[in-house]
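In my numbering, the protein residues as written are 369 to 666. Structure first, then comments.
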(Lines of atoms letter the chains of each structure in order from A and count residues from 1; the text may use other names and numbers.)
(Lines give C-alpha, C1' and ligand atoms only; values in the text may rest on other atoms or scores of the structure.)
Protein backbone atom coordinates (compact mmCIF):
# COMPACT_ATOMS: atom_id res chain seq x y z
CA UNK A 1 0.00 0.00 0.00
CA UNK A 2 1.42 3.38 -1.03
CA UNK A 3 1.95 6.11 1.57
CA UNK A 4 -0.41 8.42 -0.33
CA UNK A 5 -3.17 5.81 -0.11
CA UNK A 6 -2.57 5.30 3.61
CA UNK A 7 -2.80 9.05 4.20
CA UNK A 8 -6.13 9.26 2.36
CA UNK A 9 -7.54 6.36 4.38
CA UNK A 10 -6.41 7.98 7.62
CA UNK A 11 -7.86 11.32 6.52
CA UNK A 12 -11.19 9.64 5.79
CA UNK A 13 -11.00 8.03 9.23
CA UNK A 14 -10.38 11.34 10.97
CA UNK A 15 -13.38 12.87 9.25
CA UNK A 16 -15.44 9.82 10.19
CA UNK A 17 -14.51 10.18 13.88
CA UNK A 18 -15.55 13.83 13.92
CA UNK A 19 -18.82 13.12 12.15
CA UNK A 20 -19.70 10.28 14.53
CA UNK A 21 -19.24 12.56 17.53
CA UNK A 22 -21.27 15.24 15.79
CA UNK A 23 -24.07 12.77 15.06
CA UNK A 24 -24.15 11.57 18.66
CA UNK A 25 -24.46 15.17 19.83
CA UNK A 26 -27.75 15.88 18.04
CA UNK A 27 -29.57 12.59 17.43
CA UNK A 28 -32.54 12.23 19.75
CA UNK A 29 -35.96 10.63 19.71
CA UNK A 30 -38.48 12.07 17.23
CA UNK A 31 -35.94 13.95 15.10
CA UNK A 32 -36.63 13.05 11.47
CA UNK A 33 -34.39 10.47 9.83
CA UNK A 34 -34.12 12.78 6.83
CA UNK A 35 -32.68 15.55 9.00
CA UNK A 36 -30.20 13.13 10.59
CA UNK A 37 -28.98 11.82 7.22
CA UNK A 38 -28.63 15.26 5.65
CA UNK A 39 -26.81 16.72 8.66
CA UNK A 40 -24.35 13.81 8.68
CA UNK A 41 -23.71 13.96 4.94
CA UNK A 42 -23.38 17.76 4.91
CA UNK A 43 -20.87 17.54 7.78
CA UNK A 44 -18.78 14.99 5.86
CA UNK A 45 -18.59 17.35 2.89
CA UNK A 46 -17.85 20.37 5.09
CA UNK A 47 -14.88 18.52 6.61
CA UNK A 48 -13.41 17.77 3.17
CA UNK A 49 -14.65 14.27 2.42
CA UNK A 50 -17.55 12.76 0.51
CA UNK A 51 -20.10 10.21 1.71
CA UNK A 52 -18.88 6.73 0.75
CA UNK A 53 -22.51 5.56 0.74
CA UNK A 54 -25.87 6.93 1.87
CA UNK A 55 -26.20 7.16 5.64
CA UNK A 56 -28.03 4.05 6.85
CA UNK A 57 -30.53 4.73 9.65
CA UNK A 58 -32.08 1.36 10.48
CA UNK A 59 -34.54 0.99 13.34
CA UNK A 60 -35.19 -2.06 15.55
CA UNK A 61 -35.53 -5.26 13.44
CA UNK A 62 -34.21 -3.58 10.28
CA UNK A 63 -30.53 -4.52 10.43
CA UNK A 64 -29.29 -2.43 7.49
CA UNK A 65 -30.02 -0.61 4.23
CA UNK A 66 -32.62 1.91 5.37
CA UNK A 67 -31.88 5.42 4.20
CA UNK A 68 -34.58 8.11 4.10
CA UNK A 69 -36.14 9.09 0.79
CA UNK A 70 -36.23 12.74 -0.30
CA UNK A 71 -39.65 13.24 1.33
CA UNK A 72 -39.36 10.74 4.20
CA UNK A 73 -41.28 11.72 7.34
CA UNK A 74 -40.10 8.83 9.55
CA UNK A 75 -39.00 9.89 13.04
CA UNK A 76 -36.15 8.37 15.02
CA UNK A 77 -37.18 5.95 17.77
CA UNK A 78 -36.32 2.60 19.27
CA UNK A 79 -32.92 1.02 18.70
CA UNK A 80 -31.37 3.11 15.93
CA UNK A 81 -28.30 1.97 13.98
CA UNK A 82 -26.26 4.74 12.35
CA UNK A 83 -23.97 3.39 9.62
CA UNK A 84 -21.93 6.03 7.81
CA UNK A 85 -18.98 6.15 5.46
CA UNK A 86 -16.45 8.72 4.30
CA UNK A 87 -14.36 8.57 1.16
CA UNK A 88 -11.36 10.64 0.12
CA UNK A 89 -10.59 10.04 -3.56
CA UNK A 90 -12.17 6.60 -3.29
CA UNK A 91 -10.36 5.57 -0.10
CA UNK A 92 -12.95 4.70 2.51
CA UNK A 93 -13.63 4.74 6.23
CA UNK A 94 -16.76 2.82 7.26
CA UNK A 95 -18.19 2.64 10.77
CA UNK A 96 -21.44 2.26 12.66
CA UNK A 97 -22.88 2.71 16.12
CA UNK A 98 -26.23 2.07 17.76
CA UNK A 99 -28.31 4.40 19.95
CA UNK A 100 -31.04 3.56 22.44
CA UNK A 101 -33.74 6.20 22.05
CA UNK A 102 -36.18 4.64 24.55
CA UNK A 103 -34.07 4.38 27.75
CA UNK A 104 -34.63 0.63 27.41
CA UNK A 105 -32.45 -1.86 29.32
CA UNK A 106 -32.60 -4.50 26.60
CA UNK A 107 -31.55 -1.97 23.97
CA UNK A 108 -28.61 -0.96 26.13
CA UNK A 109 -27.57 -4.58 26.61
CA UNK A 110 -27.77 -5.26 22.87
CA UNK A 111 -25.59 -2.22 22.20
CA UNK A 112 -23.06 -3.27 24.84
CA UNK A 113 -22.88 -6.77 23.33
CA UNK A 114 -22.10 -5.52 19.82
CA UNK A 115 -19.56 -3.00 21.10
CA UNK A 116 -17.71 -5.54 23.24
CA UNK A 117 -17.73 -8.03 20.38
CA UNK A 118 -16.16 -5.36 18.16
CA UNK A 119 -13.57 -4.49 20.82
CA UNK A 120 -12.59 -8.12 21.31
CA UNK A 121 -12.40 -8.76 17.56
CA UNK A 122 -10.18 -5.69 17.16
CA UNK A 123 -7.80 -7.06 19.80
CA UNK A 124 -7.63 -10.32 17.83
CA UNK A 125 -6.76 -8.41 14.64
CA UNK A 126 -3.95 -6.63 16.50
CA UNK A 127 -2.73 -10.01 17.80
CA UNK A 128 -2.78 -11.34 14.20
CA UNK A 129 -5.32 -14.08 14.88
CA UNK A 130 -7.01 -15.94 12.03
CA UNK A 131 -10.38 -15.07 10.52
CA UNK A 132 -11.82 -18.18 12.16
CA UNK A 133 -10.60 -17.04 15.57
CA UNK A 134 -11.95 -13.53 15.01
CA UNK A 135 -15.36 -14.96 14.16
CA UNK A 136 -15.23 -17.22 17.22
CA UNK A 137 -14.47 -14.39 19.67
CA UNK A 138 -17.29 -12.30 18.18
CA UNK A 139 -19.75 -15.15 18.59
CA UNK A 140 -18.56 -16.04 22.11
CA UNK A 141 -18.81 -12.43 23.26
CA UNK A 142 -22.32 -12.02 21.89
CA UNK A 143 -23.46 -15.36 23.31
CA UNK A 144 -22.13 -14.37 26.76
CA UNK A 145 -24.82 -11.65 26.84
CA UNK A 146 -27.51 -14.19 26.01
CA UNK A 147 -27.85 -12.96 22.43
CA UNK A 148 -27.04 -14.25 18.94
CA UNK A 149 -24.91 -12.82 16.12
CA UNK A 150 -26.56 -12.30 12.74
CA UNK A 151 -24.98 -15.22 10.94
CA UNK A 152 -25.57 -14.03 7.37
CA UNK A 153 -24.20 -10.51 7.84
CA UNK A 154 -20.44 -10.11 7.84
CA UNK A 155 -17.51 -7.76 7.95
CA UNK A 156 -15.59 -7.20 4.76
CA UNK A 157 -12.45 -6.04 3.03
CA UNK A 158 -12.49 -2.54 1.49
CA UNK A 159 -10.58 -1.36 -1.57
CA UNK A 160 -10.42 1.85 -3.58
CA UNK A 161 -13.99 2.71 -4.68
CA UNK A 162 -15.08 -0.79 -3.54
CA UNK A 163 -16.97 -0.88 -0.25
CA UNK A 164 -17.30 -4.69 -0.19
CA UNK A 165 -14.33 -6.39 -1.76
CA UNK A 166 -12.20 -9.47 -1.26
CA UNK A 167 -12.23 -11.11 2.17
CA UNK A 168 -15.38 -11.83 4.16
CA UNK A 169 -15.14 -11.61 7.96
CA UNK A 170 -17.78 -13.84 9.57
CA UNK A 171 -19.29 -13.03 12.96
CA UNK A 172 -19.39 -16.71 13.92
CA UNK A 173 -16.88 -19.49 14.54
CA UNK A 174 -15.42 -20.92 11.33
CA UNK A 175 -12.37 -22.81 10.11
CA UNK A 176 -10.75 -20.06 8.03
CA UNK A 177 -7.03 -19.97 8.90
CA UNK A 178 -6.37 -16.86 6.79
CA UNK A 179 -5.14 -13.70 8.54
CA UNK A 180 -5.73 -10.03 7.86
CA UNK A 181 -2.60 -8.94 6.04
CA UNK A 182 -1.97 -5.62 4.28
CA UNK A 183 -5.31 -4.04 3.53
CA UNK A 184 -8.38 -2.27 4.87
CA UNK A 185 -11.11 -4.18 6.70
CA UNK A 186 -14.47 -3.45 8.31
CA UNK A 187 -15.35 -5.47 11.40
CA UNK A 188 -19.09 -5.23 12.13
CA UNK A 189 -20.91 -7.48 14.59
CA UNK A 190 -24.72 -7.46 14.42
CA UNK A 191 -26.49 -8.66 17.57
CA UNK A 192 -30.07 -9.81 18.22
CA UNK A 193 -32.09 -11.80 20.71
CA UNK A 194 -33.85 -13.34 17.71
CA UNK A 195 -32.86 -16.35 15.61
CA UNK A 196 -29.92 -14.48 14.10
CA UNK A 197 -30.65 -14.40 10.39
CA UNK A 198 -31.83 -11.67 8.03
CA UNK A 199 -34.10 -11.75 5.02
CA UNK A 200 -34.42 -9.27 2.18
CA UNK A 201 -37.31 -6.83 2.59
CA UNK A 202 -38.57 -4.03 0.37
CA UNK A 203 -36.21 -2.16 -1.92
CA UNK A 204 -34.29 0.63 -0.22
CA UNK A 205 -33.60 3.02 -3.12
CA UNK A 206 -29.92 2.64 -2.28
CA UNK A 207 -28.36 1.87 -5.65
CA UNK A 208 -25.02 0.86 -7.10
CA UNK A 209 -23.84 0.99 -10.69
CA UNK A 210 -24.01 -2.46 -12.25
CA UNK A 211 -23.54 -1.83 -15.99
CA UNK A 212 -22.87 1.33 -18.01
CA UNK A 213 -24.58 -0.04 -21.14
CA UNK A 214 -26.63 2.35 -23.23
CA UNK A 215 -30.26 3.23 -22.57
CA UNK A 216 -32.63 4.84 -25.06
CA UNK A 217 -33.92 7.70 -22.92
CA UNK A 218 -31.73 10.81 -23.12
CA UNK A 219 -32.83 11.87 -19.64
CA UNK A 220 -32.00 8.49 -18.18
CA UNK A 221 -28.64 8.53 -19.95
CA UNK A 222 -27.86 11.96 -18.50
CA UNK A 223 -28.50 10.63 -15.01
CA UNK A 224 -26.45 7.50 -15.72
CA UNK A 225 -23.50 9.60 -16.90
CA UNK A 226 -23.74 11.65 -13.72
CA UNK A 227 -23.77 8.48 -11.59
CA UNK A 228 -20.71 7.09 -13.40
CA UNK A 229 -18.77 10.32 -12.90
CA UNK A 230 -19.90 11.19 -9.36
CA UNK A 231 -20.20 7.82 -7.59
CA UNK A 232 -18.26 5.38 -9.78
CA UNK A 233 -18.65 1.99 -8.06
CA UNK A 234 -19.86 3.30 -4.69
CA UNK A 235 -23.48 3.17 -3.49
CA UNK A 236 -25.75 6.21 -3.77
CA UNK A 237 -29.45 6.86 -3.16
CA UNK A 238 -32.51 8.27 -4.88
CA UNK A 239 -32.52 11.19 -2.43
CA UNK A 240 -29.20 12.42 -3.81
CA UNK A 241 -30.40 12.10 -7.41
CA UNK A 242 -33.63 13.98 -6.67
CA UNK A 243 -31.57 16.78 -5.13
CA UNK A 244 -29.62 17.08 -8.40
CA UNK A 245 -32.29 16.35 -11.06
CA UNK A 246 -35.65 16.81 -9.33
CA UNK A 247 -38.48 14.40 -8.54
CA UNK A 248 -38.82 13.35 -12.21
CA UNK A 249 -35.50 11.50 -11.80
CA UNK A 250 -37.26 8.78 -9.77
CA UNK A 251 -38.90 7.56 -12.99
CA UNK A 252 -35.56 7.41 -14.79
CA UNK A 253 -33.89 5.59 -11.91
CA UNK A 254 -36.55 2.87 -12.28
CA UNK A 255 -35.80 2.76 -16.02
CA UNK A 256 -32.09 2.35 -15.32
CA UNK A 257 -32.83 -0.39 -12.82
CA UNK A 258 -35.07 -2.22 -15.29
CA UNK A 259 -32.41 -1.85 -18.00
CA UNK A 260 -29.83 -3.53 -15.76
CA UNK A 261 -27.72 -0.42 -15.20
CA UNK A 262 -28.43 -0.19 -11.48
CA UNK A 263 -28.85 -2.61 -8.60
CA UNK A 264 -31.35 -1.57 -5.91
CA UNK A 265 -30.38 -2.93 -2.48
CA UNK A 266 -33.19 -4.46 -0.37
CA UNK A 267 -33.64 -3.62 3.29
CA UNK A 268 -32.21 -6.35 5.53
CA UNK A 269 -34.61 -7.47 8.27
CA UNK A 270 -34.09 -9.86 11.18
CA UNK A 271 -36.04 -13.00 10.39
CA UNK A 272 -37.89 -13.25 13.71
CA UNK A 273 -38.47 -9.46 13.78
CA UNK A 274 -36.37 -8.96 16.90
CA UNK A 275 -34.30 -5.83 17.46
CA UNK A 276 -30.75 -5.64 16.12
CA UNK A 277 -27.72 -3.64 17.28
CA UNK A 278 -24.60 -2.97 15.21
CA UNK A 279 -21.09 -1.75 15.95
CA UNK A 280 -18.43 -1.25 13.29
CA UNK A 281 -14.90 0.05 12.85
CA UNK A 282 -12.50 0.13 9.92
CA UNK A 283 -9.05 -1.32 10.53
CA UNK A 284 -5.99 -0.60 8.39
CA UNK A 285 -3.22 -3.20 8.30
CA UNK A 286 0.03 -2.26 6.57
CA UNK A 287 3.70 -3.15 6.63
CA UNK A 288 6.37 -0.52 7.19
CA UNK A 289 10.06 -1.25 7.64
CA UNK A 290 9.29 -4.98 7.90
CA UNK A 291 6.90 -4.34 10.77
CA UNK A 292 3.15 -5.09 10.82
CA UNK A 293 1.13 -2.02 11.74
CA UNK A 294 -2.54 -2.06 12.71
CA UNK A 295 -4.46 1.21 12.86
CA UNK A 296 -8.10 1.61 13.88
CA UNK A 297 -9.09 4.38 11.47
CA UNK A 298 -12.57 5.10 12.84
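Ideal Cβ positions, reconstructed from N, Cα and C, are used throughout, including at glycine. Just so it is clear, the structure is predicted and the values come from calculations on it, not from any experiment.
Extent of the continuous beta strand (DSSP E) run through residue i
i, result
"residue 387", "First-last for residue 387: 371-394, but that is the alpha helix (DSSP H), not the beta strand (DSSP E)."
"residue 723", "No answer is possible for residue 723: it lies beyond the span of the chain, which begins at 369 and ends at 666."
"residue 425", "424-427"
"residue 649", "649-656"
"residue 571", "566-577"
"residue 451", "447-456"
"residue 552", "551-555"
Beta-carbon proximity check, residue i vs residue j, cutoff 9 Å
i, j, result
"residue 456", "residue 423", "no"
"residue 433", "residue 635", "yes"
"residue 613", "residue 421", "no"
"residue 428", "residue 644", "yes"
"residue 485", "residue 384", "no"
"residue 459", "residue 373", "yes"
"residue 662", "residue 551", "no"
"residue 591", "residue 620", "yes"
"residue 524", "residue 516", "no"
"residue 554", "residue 650", "yes"
"residue 489", "residue 506", "yes"
"residue 498", "residue 549", "no"
Element boundaries [alpha helix (DSSP H), containing residue i]
i, result
"residue 660", "Unbroken run through residue 660 is the beta strand (DSSP E), 659-664; no alpha helix (DSSP H)."
"residue 434", "Premise fails: residue 434 is in no alpha helix (DSSP H) and is neither H nor E."
"residue 401", "401-414"
Distance cut-off 8 Å: residue i Cβ against heavy atoms of the ligand ZN
i, result
"residue 513", "Summarising the ligand content, the structure contains no ligands, and the ligand ZN is consequently not present."
Nearest-angstrom Cβ-Cβ length linking residue i and residue j, presumed shorter than 8 Å
i, j, result
"residue 646", "residue 556", "6 Å"
"residue 558", "residue 518", "4 Å"
"residue 438", "residue 607", "5 Å"
"residue 574", "residue 529", "Actually they do not touch by this definition, with Cβ atoms about 16 Å apart."
"residue 469", "residue 446", "6 Å"
"residue 640", "residue 562", "4 Å"
"residue 398", "residue 431", "Between residue 431 and residue 398 the Cβ distance is about 22 Å, and since that is not below 8 Å, they are no contact."
"residue 452", "residue 387", "6 Å"
Neighbour flag for residue i against chain C, beta carbons, 9 Å
i, result
"residue 556", "Within the model displayed, chain C is absent; a lone protein chain is all it includes."
Contact the region 537-556 vs the region 502-515: 3+ CB pairs below 8 Å:
With the rule of 3 Cβ pairs closer than 8 Å, the region 537-556 counts as touching the region 502-515.
Hey, is the region 387-399 in contact with the region 474-482, meaning 3+ C-beta pairs nearer than 8 Å?
Verdict: no, contact absent.
Taking only runs of the alpha helix (DSSP H) that begin and end inside the region 458-545, which ones reach a length of at least 4 residues, in chain order?
For the region 458-545, whole alpha helix (DSSP H) runs of length 4 or above, ordered along the chain, are 473-494, 499-512.
What are the complete beta strand (DSSP E) segments, minimum 3 residues, inside the region 586-639?
Whole beta strand (DSSP E) segments, 3+ residues: 630-638.
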